[in-house]
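Only one structure is covered here, and it is reproduced in the block below.
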Amino acid sequence: MKWVVVRFPGSLDDDDVVYALREVLAQDVSIVWHRTESLGAADCVVLPGGFSYGDYLRCGAIARFSPIMKSVKRFATEGGLVLGICNGFQILCEAHLLPGALTRNESLSFVCEMATVRVENRQTPFTNQLEIGDVLRLPIKHGEGRYVAPEHELRQLEERGQVLLRYVANDESFGAGSSPNGSMHAIAGVANERFNVFGLMPHPEHAVEALLGSTDGRKIFESITASRT
Amino acid sequence: MRVRIFVTPRQGILDPQGRAVETALGNLGFSGVSDLHVGRYIILTLEAPSKAAAEETVRQMCEQLLANPVIEDYRFEVEPG
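Chains as they are written, first to last, in this note's numbering: chain D, 42 to 270; chain B, -14 to 66.
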């Protein structure tokens, strides 16, 4: 399958996503500059982490208006798979491709650590190689990752199974304090209602080789490839 | 038209920055401070045929970019001249 990684001014993890996909998972990947208007023949589009447009105004608020985002929206509307990691997640929320918003961490501190997340739904193109209850170790590094949505929306997300990943404490328990950033319902990753757009704060592309401390991120990418073969 | 826009964290949404500043004021000895929120203040000049037209434009600016209605409230003042 063909992967397209969008590079915004201020993207940081674009090359890491390319490395993970091309070198580790032997996938066909290309990078497109945000001023491009065409995604070409993509099967999955990745919006990578970083600080697009310097996080001016709000994280992801300006990147949302990049020329490429029109194509990303169309691609998503047509059912194409879109994965947003960290800043990519923030951009997807600002672009209304995902519900909710990401705000300043409750601690006001930038968190940079290995997070533990639990898989909450496996009937999706992003998690089909995992089991419900599987625990993944994935790095997080963000200052604005606290997931917020109105209470009624949270309820709907939970009912429909749109919460794909939830932070758990190191002992795999879940509850107040299990989220490193104060996210509501300890949400680490959510999908849209159609389950073809997924955003997450943890970085699967930084967890693809034992040398990096975890290979759990591979499962996310492998799920995506499995869903399209 | 001269436009002033005030964007503040939405009521009921946790505002850790506001809480930290409120605590700091308390530590400095300013007592009786509560409900402190830190927001954003945007000023701009807008050409518009009327005050009503300017208000409608600014409202759209806020809805589409300047504020995120999921987490922020906004209000604005439009002054002719």
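Glycine included, each C-beta is placed from N, C-alpha and C at the ideal position.
- For D:Asp54, the three-state secondary structure derived from DSSP is coil.
- The continuous alpha helix (DSSP H) containing D:Ile109 extends over residues 108 to 118.
- The Cβ of D:Pro191 sits closer than 9 Å to at least one Cβ of chain B.
- The residue from D:Thr157, D:Asn237, D:Lys43, D:Tyr188 with its alpha-carbon nearest to that of D:Gly81 is D:Lys43.
- Here DSSP, grouped into helix, strand and coil, assigns D:Asp175 to coil.
- Between D:Val59 and D:Val70, the CB-CB gap stays under 9 Å.
- By alpha-carbon distance to D:Ser107, the top candidate from D:Trp74, D:Thr270, D:Leu124 is D:Trp74.
- For D:Cys85, the uninterrupted beta strand (DSSP E) run begins and ends at 85 to 88, by DSSP.
- Contact with chain D is absent for B:Leu31, since none of that chain's Cβ atoms lies less than 9 Å from the residue's Cβ.
- Looking at the DSSP output, D:Asp69 sits in a beta bridge with D:Lys43.
- The C-beta distance from D:His183 to D:Val204 rounds to 18 Å, too long to fall under 8 Å, and the pair is not in contact.
- B:Asp58 is bridged by DSSP to B:Thr(-7).
- Distance check between D:Phe239 and each of D:Ser224, D:Leu122, D:Gln170 places D:Leu122 closest, using alpha-carbon atoms only.
- Per the DSSP secondary-structure output, D:Met155 pairs in a beta bridge with D:Pro180.
- In the structure shown, the three-state DSSP call for D:Gly125 is strand.
- One Cα belongs to D:Leu88, the other to D:Gly51, and the distance between them is close to 12 Å.
- In this structure, the CA atom of D:Leu241 is about 12 Å from the CA atom of D:Val160.
- Here the alpha carbon of D:Cys134 sits roughly 32 Å from the alpha carbon of B:Ala9.
- Under the 10 Å beta carbon count, D:Ser219 is surrounded by 16 or more other beta carbons and is classified as buried.
- With fewer than 16 other beta carbons inside 10 angstroms of its own, D:Asp212 counts as exposed.
- A distance of 9 Å or more separates the beta carbons of B:Val(-8) and B:Ala39.
- As the crow flies, the alpha-carbon of D:Leu143 is around 32 Å from that of B:Phe15.
- Below 8 Å, enough C-beta pairs join the region 16 to 33 of chain B and the region -9 to 7 of chain B to call them touching: three or more.
- Membership of B:Val43 in the alpha helix (DSSP H) is indicated by the continuous run 36 to 46.
- Fully contained in the region 213 to 267 of chain D are the following beta strand (DSSP E) runs of length 3 or more, in chain order: 228 to 232, 238 to 241.
- Listed along chain B are Leu(-1), Pro1, each with a C-beta nearer than 8 Å to that of D:Glu147.
- Taking a Cβ-Cβ threshold of 8 Å, the residues of chain D close to B:Ala5 are Leu149, in chain order.
- Across the region 102 to 135 of chain D, CB contacts with chain B closer than 9 Å involve Ala102, Ile103, Arg105, Phe106, Cys134, Glu135, in sequence order along the chain.
- Residue contact check for D:Ala142 against chain B: a CB pair falls below 9 Å.
- Taking the Cα positions, D:His193 is about 11 Å away from D:Glu200.
- Sequence-distant Cβ neighbours of D:Glu147 in its own chain, meaning closer than 7 Å and more than five residues away, are Arg187, Asn222, Gly223.
- For D:Ile126, the closest of D:Thr266, D:Pro245, D:Arg269 by C-alpha to C-alpha distance is D:Pro245.
- Within chain B, no C-beta atom comes less than 8 Å from the C-beta of D:Arg159; the nearest is roughly 23 Å away.
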